[in-house]
Structure formats: C-alpha cells, structure tokens
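**Student:** For the sequence shown, counting from 1, position 150 maps to 149 in numbering that gives the first Met the number 0; every step adds exactly one. Built from N, CA and C at the ideal position, the CB exists for glycine as well. Just so we're clear, the structure is a prediction, and the values are computed from it rather than from any experiment. This is the structure I have questions about; it appears just below.
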Amino acid sequence: MRNLLLISALLLFSFNGWADDEFPIEITCEIGSKVIFLSIAEEAEDSYYTILSVGNIKKMRNGRPSPESTRDYFFEEWKDKKIGFVSQYVLDDLIVLESEIFKPRNTPPGFTNFSINRLTGTGNFEGLYSPYSWITGNCYSGLKEYSEKKF
C-alpha cells in the first residue's frame, strides 16, 4: 500500500512537470529566409510575433513586383511590428498559435498558424507564403540575435 501511494505521488508530480510555465515564453524561429520572434503570454490577446528579418531579393518585372515577390513586400511592410494572435494553446509538448494577418494587396485577411514542438524545437508554419501551405523551420528559446554572417 505504501509503495502504491509513493508511485501515485511520483506520477502526479511527473505529469505536472511543465504545468508551471513562466510567461512570457519567448522564441526565435527561422522559417526559410525569414526570422521571427514570438512572445507568448498567458492569454492570446497579450501574445504577439514580430518579423525580424525578411532576407529575400525582390524580383521586378516592368518596374512592378513579380508574383513571387509580392509577399516579400508584405513582409517588409510588417517587419519589426507586433502582430497579435487570436487563439493559442500551450501544451506540455506543443504550442499552437493562430494569428490574423493581412495578406498582400487585394486579398482578404487570413490566418497564419504556428505549431511548435516544445521537445524538438521544430516549427510548422502555415500561410506565410500561401494559404494551406506548410513550411518547416527551427525554433530556439529566447531572442536569438544575429550579428555576424555565417558565410
């Protein structure tokens, strides 16, 4: 009986290992050539992300952006601004975020979804380039600063 109580107590404590998250949870994610910073508070309305680096070359045709680069102009326009979330779920092994984000010219607002595995640091990001397309990236704890070129 004593062993059963001890095992039960250990299981209760082990399942609450991540229950006491310290907020805000700050994460830097590298998605393709983009770098974003996420600040996740206890409530979605206090959470946000910021585009830190765009990193794409603009392609031009006849003085106008080509279809491939229109979204890059959108990223440039929103660079360094706080973009809020409409919902979030912070689980033991996964963080899921949904953000209302304005798409490039002449398209209605849409949602961008973030799904970040807390165990591996791998993130999946939907809608950054087009709706229903998922891009995988790597995420790191805290604000990762880039001061030197890699090559």
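Here's the rule: buried if 16 or more other CB atoms are within 10 angstroms of the residue's CB, otherwise exposed. What is ASN2?
**Tutor:** Low local confidence applies: a pLDDT of 41 at ASN2 is under 50, so the model's placement there is unreliable, and no value is given.
**Student:** Output needed for PHE84: all residues of its chain with C-beta closer than 6 Å, excluding positions within five of it in sequence on either side, in chain order.
**Tutor:** Hits under 6 Å: ALA43, SER46, LEU96 and SER98.
**Student:** In whole angstroms, what separates the C-alpha of PHE150 from that of GLU21?
**Tutor:** 36 Å
**Student:** Is the distance from the Cβ of ILE50 to the Cβ of TRP77 below 9 Å?
**Tutor:** Contact annotation: ILE50 and TRP77 have beta-carbon atoms nearer than 9 Å.
**Student:** For GLU41, which of helix, strand or coil comes out of DSSP?
**Tutor:** coil
**Student:** Shortest alpha-carbon distance to LEU90 belongs to which of PRO23, THR121, TYR48 and ARG117?
**Tutor:** ARG117
**Student:** At the level of alpha carbons, what is the spacing between THR121 and GLY136?
**Tutor:** 6 Å
**Student:** Report all residues from its chain with a CB closer than 6 Å to the CB of VAL34; omit the five preceding and five following residues, and keep chain order.
**Tutor:** LEU51 and SER52
**Student:** Please determine, among SER140, LEU93 and PHE36, the residue with the shortest C-alpha to C-alpha distance to ASP79.
**Tutor:** PHE36
**Student:** Could you compute how far the alpha carbon of TYR139 sits from the alpha carbon of ASN112?
**Tutor:** So the two alpha carbons sit approximately 18 Å from each other.
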